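S.K.: Position one of the sequence shown corresponds to residue 18 (the working numbering), numbered consecutively onward.
Using N, Cα and C, we set each Cβ at its ideal position, and we do this for glycine too.
Bear in mind that the values here come from a model prediction, so they are computed numbers and not experimental data.
Structure provided below as structure tokens; questions to follow.
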Amino acid sequence: MDVQQAKEEYRKALRKGHREFRWRVAKGSYPYLQVLDDILENTQVERIEPLGLVNIPMESIVGTKTEGRKAAFAANFMPLLEEGSEFQMKWTNLCAAHVNEGIRDPIKAFEFMNRFYVQEGNKRVSVLKYFDAASIPGYVTRIVPRRSGSKGSEIYHEFLAFYDITKVNFIGFSEQGRFERLLMLTCEGKREPWTEEQRRDFASVYYNFAGVFEKLGGKKLPITVGDALLMYLELYPYEQQIGRSASEMEQTLEALWPEVVGLTKAGAVEVSMEPENRSTPLLSRILPIEQFTINAAFLYEKSADTSAWVYAHEFGRSYVDEALANRVYTHVYDNIRIGTDDDEVIEKAIQEGSSVIFTTTPKLLGASLRAAARHPDVKILNCSLNMPHPTIRTYYGRLYEAKFILGAIAASLTENDKIGYFATYPIYGMTAGVNAFAIGAKLVNPRARIYLQWTSEKDSPGMEFFKQKDIHVLSSPDTGLPKGERAYGVYLLTHENQPVPMAMPFWHWGEFYEKILRSILNNTWKADTAEDGCAVNYWWGLGSGMIDLLTSRGLPPGTKRLAEFLKQGLCEGKIDVFGGQVFDQSGRQVTPENGSSFTPEEILKMDWLADNVVGQIPAFDDLIEIAKPLVKVQGIYRKEGQI
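See the structure below:
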């Protein structure tokens, strides 16, 4: 490139600078480069540390260290000084040098909150930004602000920990917890420093993905490339992306784009609390439209012979076979090996003609999302709670309503104010069930204490704990196999340690499956579609028939009447399980001061225990290994943005 050509490039850069300047002035924002010294005037600094020679991402260079050069550049680092100036001459010389030889001299810069401010080399940055260079070498000094507790501060300190391991500075996130999650997905959370090869592989994956993300319109979304990449890697293993071309990524990401857009909804989920009584569309009633049939697949991790959970869903599927005979044909795919053949089984179900897929465990969520990306016309529903994925729908029951009644029943049966409670996994809805049980017990007996044990916790003493505490009224897992043990629901434990069932919640999945399939047959399925691309979660309660309560003949008549009274009040909306004053174990009132009710999301995500519960919620590391895959997906301490 000769001098005249370089001058022409300066004119183009100057026009870009003026355009950026005018645009920012018009919208009322600062038109010049940010000045780090101005920012630091009101910042408490924790420490200053040299990072040495670093490859600096160009998009992360946002300003200058001192005020001296700020007026020479617009906020995008394009020049503002007119032709004929000494500045223009130096810029054009650098421009020609870059094209002819390449700019190799490192700049000097300061890093603050993972943004870079140039001390020496502003014009080099300007030229390289003009030519859309990805990075520039520089000697960097990091200025670490004192931790403030704000969201931005917490994310930055998470980045610092991530950087110490990886030395990667080109990825950012908009939510907490995502740097740690990225480590889990890329290196299984190992804390050993990354090798140069690991950094090179990750950079290749990141920049390939970033190019596709931008091409599909990602810059218009209020999320980072990192946010979208993390979602992508939750579904498609990182190891498989190393060496994958941008064109291959584009095909996959384009199919997933509704999920990417869903990230901008900040985890928004539209919760359907009760089934809608929608009539068949008018045209469908007037015109003689030919009836169609549906093939629906039910996918199970285990079999009905070995799992009470699967048995309950199978009972519901059989109900559908009778209720919708000759309109719906159901098919069973069981004993699926999660992470091994789950994708193949869903694909097989679709290839064999199923247009509706029910995946009956949260562990199949990832496979469900991948199938939805491949087959957007197939209706896929996953049995899980509070999942922000618009390409599928999720469903579950408000079991805490039944637990409230069971707590009241248990409190009426205990002779020493003690009740034992076996909880399974610390997942969405589970803690609400424990608390509802405790509140129901307190309603009947203010002295009742709920002794909590988790079956998923390492070294849990289990039943031995309750025997030592002289506890004879217990609540165990909600359902059992037809020929299995009798220790489920609320039961009495005799002196011979024999369980005597008193009451249990009943999952009537058939009610849900029938209503969903009828909505498809009646062409009202789309009426449930959420506005603004939010996810849809069905969370129905006692009033829908999806949840019920079964009582034993041995239950005292007065207690049975109480249970029926409470059930009627819940079905009619006259009883609010968490209404009034509710206190946690520390004595803090957790119900809103203004007397309003908890939102569905607040109930789902309860991470506290009522004041009459003896026990605690186990930490993730204290869980048995078999429990961790489910808790990673549905755990109450699950981070936003995770699958």
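Starting from W526 and walking both ways along the beta strand (DSSP E), at which residues does that stretch end?
M.R.: Counting from one through the sequence shown, the residue named residue 526 turns up at place 509. That residue, W526, is in no beta strand (DSSP E); its alpha helix (DSSP H) goes 526-538.
S.K.: Which same chain residues, not among the five before or five after S320, have their C-beta less than 8 Å away from its C-beta?
M.R.: Start at 1 with the first residue of the sequence shown, and residue 320 comes out as number 303. For S320, where only same-chain residues beyond five positions count, the Cβ hits under 8 Å are V327, D351, N352.
S.K.: What does a CB cutoff of less than 8 Å around E209 pick up in its chain, not counting 5 residues either side in sequence?
M.R.: Stepping through the sequence shown from its first residue, residue 209 is reached at position 192. So the qualifying residues of the chain are I182.
S.K.: When the Cα atoms are used, what is the spatial distance from T719 to T60?
M.R.: A query on residue 719 cannot be resolved here, the shown segment of the chain reaching from 18 to 660 and no further.
S.K.: Please classify T724: does DSSP put it in a helix, a strand, or coil?
M.R.: Only positions 18 to 660 of the chain appear in this structure, which leaves residue 724 out of reach.
S.K.: Could you pull the DSSP bridge partners for R570 from this structure?
M.R.: For the purposes of this step, residue 570 is identified with residue 553 of the sequence shown, where counting begins at 1. The partner list for R570 (beta bridge, DSSP) is empty, contrary to what the question assumes.
S.K.: Is A520 helix, strand or coil when you go by DSSP?
M.R.: Numbered from its first residue, the sequence shown carries residue 520 at position 503. Residue state, collapsed to three classes: strand.
S.K.: In this structure, does DSSP put G506 in helix, strand or coil?
M.R.: For this step, residue 506 is matched to residue 489 along the sequence shown. In this structure, DSSP gives G506 an extended state, which the three-state scheme calls strand.
S.K.: If R410 and L398 are in contact, beta carbons under 8 Å, what's the gap, nearest whole angstrom?
M.R.: Position 393 of the sequence shown, counted from the first residue, corresponds to residue 410. Position 381 of the sequence shown, counted from the first residue, corresponds to residue 398. At roughly 5 Å, the Cβ-Cβ gap stays under 8 Å, so R410 and L398 are in contact.
S.K.: On the premise that W556 lies in contact with S289, defined as a C-beta separation below 8 Å, what is that separation, rounded to the nearest angstrom?
M.R.: Sequence index remark: in the sequence shown, residue 289 carries index 272 (1-based). Sequence index remark: in the sequence shown, residue 556 carries index 539 (1-based). So it is a contact: roughly 7 Å between Cβ atoms.
S.K.: What span of residues does the beta strand (DSSP E) with P74 cover, start to end?
M.R.: Along the sequence shown, one-based indexing puts residue 74 at 57. First-last of the beta strand (DSSP E) with P74: 62-74.
S.K.: Can the beta-carbon of D565 be found less than 8 Å from the beta-carbon of F523?
M.R.: Here residue 565 corresponds to residue number 548 of the sequence shown, with the count starting at 1. Here residue 523 corresponds to residue number 506 of the sequence shown, with the count starting at 1. Yes, they are a contact pair.
S.K.: Starting from the C-beta of I653, find all residues in its chain whose C-beta is less than 8 Å away, skip the five residues before and the five after it, and write them out in chain order.
M.R.: Position 636 of the sequence shown holds residue 653. P443, I444, Y445, M447, T448, K622, M623, D624, I634.
S.K.: Sorted by chain position, which residues of the same chain lie with C-beta nearer than 8 Å to L647's C-beta, five sequence neighbours on each side aside?
M.R.: Taking the first residue of the sequence shown as 1, we reach residue 647 at position 630. Correct list, in chain order: T378, P379, K380, Y442, I444.
S.K.: Given I303, which residues of its chain have a CB within under 7 Å of its CB, disregarding the five upstream and five downstream residues?
M.R.: Looking up residue 303 in the sequence shown gives position 286. Because I303 sits at a pLDDT of 48, beneath the cut-off of 50, its placement in the model cannot be relied upon, and the following sentence gives the value as read from the coordinates. None.
S.K.: Out of N312, V185, D601, D359, which one is the CA nearest neighbour of E318?
M.R.: As a working note, residue 318 is residue 301 in the sequence shown. When each option's Cα is compared against that of E318, the closest is D359.
S.K.: Exposed or buried, what is V451 when buried is set at 16 or more other beta-carbons lying within 10 Å of its beta-carbon?
M.R.: In the sequence shown, counting from the first residue as 1, residue 451 sits at position 434. Classification of V451: buried, given that the 10 Å Cβ count is 16 or more.
S.K.: Any heavy atom of the ligand ADP closer than 7 Å to the Cβ of I160?
M.R.: Looking for the ligand ADP in the displayed structure turns up nothing, as the structure carries no ligands at all.
S.K.: Determine the closest residue to H174 out of E589, A520, N131, with distance taken between C-alpha atoms.
M.R.: Position 157 of the sequence shown, counting from 1, holds the residue named residue 174. That would be N131, whose Cα lies nearest to the Cα of H174.
S.K.: Checking the sheet assignment: what are the DSSP bridge partners for E474?
M.R.: Taking the sequence shown and counting its residues from 1, the one referred to as residue 474 is at position 457. E474 is bridged to L640.
S.K.: Could you compute how far the alpha carbon of N462 sits from the alpha carbon of S493?
M.R.: For the purposes of this step, residue 462 is identified with residue 445 of the sequence shown, where counting begins at 1. For the purposes of this step, residue 493 is identified with residue 476 of the sequence shown, where counting begins at 1. So the two alpha carbons sit approximately 20 Å from each other.
S.K.: Apply the 10 Å Cβ neighbour rule to F179 and answer buried if 16 or more other Cβ atoms are within range, or exposed otherwise.
M.R.: Here residue 179 corresponds to residue number 162 of the sequence shown, with the count starting at 1. Counting Cβ neighbours within 10 Å, F179 comes out buried, since at least 16 surround it.
S.K.: Excluding the 5 residues preceding and the 5 following G550 in the sequence, name in chain order all residues of the same chain whose CB lies nearer than 8 Å to its CB.
M.R.: The count along the sequence shown starts at 1 and reaches residue 550 at position 533. Cβ neighbours of G550 beyond the five flanking positions: P275, V278, G279, K282, P407.
S.K.: Quick one: give me the first and last residue of the beta strand (DSSP E) that I160 is part of.
M.R.: Within the sequence shown, residue 160 is the residue found at index 143, counting from 1. Unbroken beta strand (DSSP E) run through I160: 152-162.
S.K.: Between C588, F315, V286, which has its C-alpha nearest S561's C-alpha?
M.R.: Your numbering for residue 561 matches position 544 in the sequence shown. Minimum Cα distance to S561 is reached at C588.
S.K.: Could you check if D394 is buried or exposed, using at least 16 other CB atoms within 10 Å of its CB as the buried criterion?
M.R.: Sequence index remark: in the sequence shown, residue 394 carries index 377 (1-based). Exposed.
S.K.: Between Y134 and L70, which are expected to be in contact by the criterion C-beta below 8 Å, what is the C-beta distance as a whole number of angstroms?
M.R.: On the sequence shown, residue 134 is found 117 positions in, with the first residue counted as 1. On the sequence shown, residue 70 is found 53 positions in, with the first residue counted as 1. Taking C-beta atoms under 8 Å as the contact rule, Y134 and L70 fail to qualify, at a distance of about 17 Å.
S.K.: Which residue's Cα is closest to the Cα of G383: G356, I374, G370?
M.R.: Position 366 of the sequence shown, counting from 1, holds the residue named residue 383. Here the closest residue by C-alpha is G356.
S.K.: Would you identify the three-state DSSP class for K649, choosing helix, strand or coil?
M.R.: Walking along the sequence shown from the start, residue 649 turns up at place 632. K649: helix per DSSP, three-state reduction.
S.K.: Grouping DSSP H, G and I as helix and E and B as strand, with all else coil, what is V490?
M.R.: Here residue 490 refers to the residue found at position 473 when the sequence shown is read from its first residue. The answer is strand: DSSP assigns V490 an E or B state.
S.K.: Here's a check: name, in chain order, each residue in its chain whose Cβ is nearer than 8 Å to the Cβ of G206, leaving out the five neighbours to either side.
M.R.: Looking up residue 206 in the sequence shown gives position 189. Closer than 8 Å at the Cβ level, and outside the excluded window around G206, lie E197, L200.
S.K.: So, does the region 246-253 touch the region 509-518, judging by three or more C-beta pairs under 8 Å?
M.R.: The region 246-253 vs the region 509-518: no contact.
S.K.: Less than 8 Å between the C-beta atoms of L430 and V490, yes or no?
M.R.: Here the question's residue 430 lines up with position 413 in the sequence shown. Here the question's residue 490 lines up with position 473 in the sequence shown. For L430 and V490, yes; Cβs fall inside 8 Å.
S.K.: Starting from R410, trace the beta strand (DSSP E) in both directions and tell me its first and last residue.
M.R.: In the sequence shown, the residue the question calls residue 410 occupies position 393. Note, R410: beta strand (DSSP E), 410-414.
S.K.: Could you give the DSSP three-state label for T183: helix, strand or coil?
M.R.: Numbered from its first residue, the sequence shown carries residue 183 at position 166. T183: helix per DSSP, three-state reduction.
S.K.: Is it buried or exposed, V42, if we count other Cβ atoms within 10 angstroms and call 16 or more buried?
M.R.: As a working note, residue 42 is residue 25 in the sequence shown. Flag for V42 reads exposed.
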